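**Student:** Dropping a structure here in C-alpha cells format, bear with me for questions.
Number of protein chains: 2
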Amino acid sequence: MQINHWLSPPISAAAAKIHLSKEALFEKPLTPSDVGKLNRLVIPKQHAERYFPLNGGGGEKGLLLGFEDEAGKSWRFRYSYWNSSQSYVLTKGWSRFVKEKRLDAGDIVVFARHPDDLGRLFIGWRRRGGQEAAAPPPPNSGGWSGLLYPAHSHVDIHGKERNRNSKRLRLFGVNLEWDEEEPTSGSIEEPFLEYYSSHCPTGHTAS
Amino acid sequence: MQINHWLSPPISAAAAKIHLSKEALFEKPLTPSDVGKLNRLVIPKQHAERYFPLNGGGGEKGLLLGFEDEAGKSWRFRYSYWNSSQSYVLTKGWSRFVKEKRLDAGDIVVFARHPDDLGRLFIGWRRRGGQEAAAPPPPNSGGWSGLLYPAHSHVDIHGKERNRNSKRLRLFGVNLEWDEEEPTSGSIEEPFLEYYSSHCPTGHTAS
DNA sequence: CACGTAACCTGAAAT
DNA sequence: GATTTCAGGTTACGT
Chain A
1 MQINHWLSPP ISAAAAKIHL SKEALFEKPL TPSDVGKLNR LVIPKQHAER YFPLNGGGGE
61 KGLLLGFEDE AGKSWRFRYS YWNSSQSYVL TKGWSRFVKE KRLDAGDIVV FARHPDDLGR
121 LFIGWRRRGG QEAAAPPPPN SGGWSGLLYP AHSHVDIHGK ERNRNSKRLR LFGVNLEWDE
181 EEPTSGSIEE PFLEYYSSHC PTGHTAS
Chain B
1 MQINHWLSPP ISAAAAKIHL SKEALFEKPL TPSDVGKLNR LVIPKQHAER YFPLNGGGGE
61 KGLLLGFEDE AGKSWRFRYS YWNSSQSYVL TKGWSRFVKE KRLDAGDIVV FARHPDDLGR
121 LFIGWRRRGG QEAAAPPPPN SGGWSGLLYP AHSHVDIHGK ERNRNSKRLR LFGVNLEWDE
181 EEPTSGSIEE PFLEYYSSHC PTGHTAS
C-alpha cells in the first residue's frame, strides 16, 4: 500500500506550517522517457501552468529553475515549453539528476516550494510504490529531509496519480489528504522521517 | 598503404613553393555526422584556432569563409564557434559541398591556402583511403588541381595520424615528412597529380 | 507548413 | 581522475 508521505493525517495546515518546511506542489511518476535518453522531464501541463508559468515574457528560450534537493544540494534545470509536443519540460540538467538519484521508470519526483518564499523551490523523489510497507526501505531509497503539506486543495484530484482510497479534510482553507489503510503504528511522523531521512547527509532525522 | 600526398620526399620548401600552388593546412576525415543531417563540419579545435582564428572581434555570430575547390569554383561557408559543444564548425554552405562532391563518411577533406596570399583559401577532398594503391582511382575519386606542401613543421607529430614509419627532413625552416616504404616508381610528382587531377574540369593535369 | 539549417545539449572517449 | 574534445543527438526557427 502506497503511503502518501506528505499528506499526514490530522494535522492542521497551520500546525503543519509551523514545523514543516515545504509546501507540496505536485508529483510526477517518471515514465521510461523521463529517465531515458531524451534527457527531459515532461511536466504535466496543469501543474506547469499553475506553478511554473511561462508567460511569454518568461523567455521564448525558457528559463532556468533552481531547486534544492533533500541534502540541500542545488539543481538548476532549464525549463521551457516545446511547441512541437505542446508540453512543458525540464531539459538541461535533468539527466544529471536522474543519474545521481538513480531514478528509474515508476519512481516519483516531488516538487515543492518554501511556504514563506515561493521562489524557493525544492525537488524530491521516492522509489516507485509497492514495497515501502512490505519491507524496510534500503539506504538511499528516497529523498527529502523534511515534511510536506499540500499547496492547494486539489492535488491530482483529476490526475491518474490520485490514490482513490485516500481521505481528504479541509482545514483553514487547505485540503489535507491522506491514506486511511494500513496506518503506521505509533507516531505519524516517525516513519515518514525515518523513511525520508535515513540517508540524509544533513542529519535532519527524527531523533 | 596510404600515400601522404602532400608530404613528398626530397623537395625543399623553396623548390616546392616555386611550382606548388597550395600550402596544406590540415585534413579532416569525415565522420558520419559531418556528412549527415546535422549539416555541419566540425573542425578540430587545434586546427581551427591555428588557421581560422575567431578572435572575438571576428564576430560572435561567426564569419563567412571563402574557399576555392579543385575546379576554381568558389565555396562560402559560415564558420563559427559553438559554445554549447566548445567546437568550431562550418555550417551554412557545408551540406551543399557534401552533396555536390558526393562525400561520404571516411572521405577526407583537405584545407589549404595560397602560399603568397594567406587569405586565399582552398578546399579539396579525396575518397577514403585503402584503395588508392591497390587499384587505379575511378573518375571523380578525388579533387584538387594542384600540389601541396605542409604549412608547418609539426604536422600531427603527437597525433594518431602520424605514420610512425615516416621520415622527416628539416629544410629552410620547414620540416618535410614522407613514407620510406613502397616508394612510387618514377617521378615523385606524377602519381600525385594523376590522382588528384584526373577528373579536373579545368584541365590542370600533369601533362 | 514542411524542410533546411542554426544553435544547443550530452555522453563517451581521449588526454 | 578531472577536464577537454567532439560525434551524435535534440529543438527552434526562418523561408
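Listed in order, the protein sequences are those of chains A and B. So for the first sequence, full-length UniProt numbering puts the first residue at 1; every next one is plus one. So for the second sequence, full-length UniProt numbering puts the first residue at 1; every next one is plus one. Note that beta-carbon positions come from the ideal geometry of N, C-alpha and C, so glycine has one too. Bear in mind the structure is a predicted one, so any value in this text is a computation, not a measurement.
Using a Cβ-Cβ cut-off of 8 Å (strictly less than) and excluding sequence neighbours within five positions of L90/A, which residues of its own chain qualify?
**Tutor:** Once the five neighbours on either side are set aside, the close Cβ partners of L90/A are R40, L41, I43, L65, F77, R78 and Y79.
**Student:** Would you call D34/A buried or exposed, if buried means 16 or more other Cβ atoms sit within 10 Å of its Cβ?
**Tutor:** Counting Cβ neighbours within 10 Å, D34/A comes out buried, since at least 16 surround it.
**Student:** Within the continuous beta strand (DSSP E) that includes R50/B, where are the two ends?
**Tutor:** Unbroken run through R50/B is the alpha helix (DSSP H), K45 to Y51; no beta strand (DSSP E).
**Student:** Classify D104/B as buried or exposed, calling it buried when 16 or more other Cβ atoms lie within 10 Å of its own Cβ.
**Tutor:** It is exposed - the Cβ of D104/B has fewer than 16 other Cβ atoms within 10 Å.
**Student:** Could you tell me if G142/B is buried or exposed, where buried requires 16 or more neighbouring beta carbons within 10 angstroms of its beta carbon?
**Tutor:** Buried.
**Student:** For D107/B versus W125/B, is the C-beta distance shorter than 8 Å?
**Tutor:** Yes, Cβ-Cβ distance for D107/B and W125/B is below 8 Å.
**Student:** Helix or strand or just coil, what does DSSP make of S95/B?
**Tutor:** Three-state DSSP puts S95/B in a helix.
**Student:** Can the beta-carbon of E68/B be found less than 8 Å from the beta-carbon of F26/B?
**Tutor:** Not in contact: E68/B and F26/B (Cβ atoms no closer than 8 Å).
**Student:** If you follow the beta strand (DSSP E) that S74/A is in, where does it begin and where does it stop?
**Tutor:** Its beta strand (DSSP E) spans residues S74 to W82.
**Student:** So if DSSP puts E68/B in a beta bridge, which residue, or which two residues, is it bridged to?
**Tutor:** According to DSSP, E68/B bridges with S74/B and F122/B.
**Student:** Can you tell me which of the three DSSP states residue 216/A falls into?
**Tutor:** This structure cannot speak to residue 216/A, because chain A is shown only from 1 to 207.
**Student:** Taking the straight line between their C-alpha atoms, what separation do you get for V109/A and D116/A?
**Tutor:** The straight-line gap from Cα to Cα measures roughly 22 Å.
**Student:** Name, in chain order, the residues that DSSP records as bridge partners for G142/B.
**Tutor:** DSSP output for G142/B lists R126/B as bridge partner(s).
**Student:** Quick check: what's the CA-CA separation for E100/B versus K92/B?
**Tutor:** Distance between the alpha carbons of E100/B and K92/B is about 14 Å.
**Student:** Would E182/A be called buried (16 or more neighbouring beta carbons within 10 Å of its own) or exposed?
**Tutor:** Bear in mind that a pLDDT of 26 at E182/A, under 50, signals an unreliable position, so the number given afterwards is only what the model happens to contain. It counts as exposed.
**Student:** To which residues does DSSP link Q28/B through a beta bridge?
**Tutor:** Note that residue 28/B is Lys in the sequence shown here, rather than Gln. Note: K28/B sits in a beta bridge opposite V109/B.
**Student:** Name the two residues that bound the continuous beta strand (DSSP E) containing S85/B.
**Tutor:** No beta strand (DSSP E) contains S85/B, which DSSP labels as neither H nor E.
**Student:** If distances are taken between C-alpha atoms only, which option among Y81/A, S85/A and Y51/A comes closest to F111/A?
**Tutor:** Checked all of Y81/A, S85/A and Y51/A; the closest Cα to F111/A is Y51/A.
**Student:** R113/A and R120/A: beta carbons closer than 8 Å?
**Tutor:** A contact, by the Cβ cut-off of 8 Å.
**Student:** For a quick check, are the C-beta atoms of Y88/B and A24/B less than 8 Å apart?
**Tutor:** For Y88/B and A24/B, no; Cβs fall outside 8 Å.
**Student:** So who's on the other strand from V42/A, going by DSSP bridges?
**Tutor:** DSSP lists V89/A as partners of V42/A.
**Student:** Going by C-alpha distance, which of A71/A, N83/A and Q46/A is nearest K61/A?
**Tutor:** Nearest C-alpha to K61/A: N83/A.
**Student:** Can you tell me whether L30/B is buried or exposed, with buried defined as 16 or more other CB within 10 angstroms of its CB?
**Tutor:** Under this definition L30/B is a buried residue.
**Student:** When burial is assigned at 16 or more other CB atoms within 10 Å of the CB, is K28/A buried or exposed?
**Tutor:** Buried.
**Student:** Taking DSSP as the reference, what is the three-state secondary structure of K101/A?
**Tutor:** K101/A: helix per DSSP, three-state reduction.
**Student:** Starting from P150/B, follow its DSSP beta bridges and name the residues at the other end.
**Tutor:** The partner list for P150/B (beta bridge, DSSP) reads A24/B.
**Student:** Quick one: what's got a C-beta closer than 8 Å to L63/A's C-beta in the same chain, skipping five residues either side?
**Tutor:** Cβ neighbours of L63/A beyond the five flanking positions: L54, R78, Y79 and S80.
**Student:** Between the alpha carbons of W75/A and R96/A, how many angstroms are there, rounded?
**Tutor:** One C-alpha to the other measures close to 9 Å.
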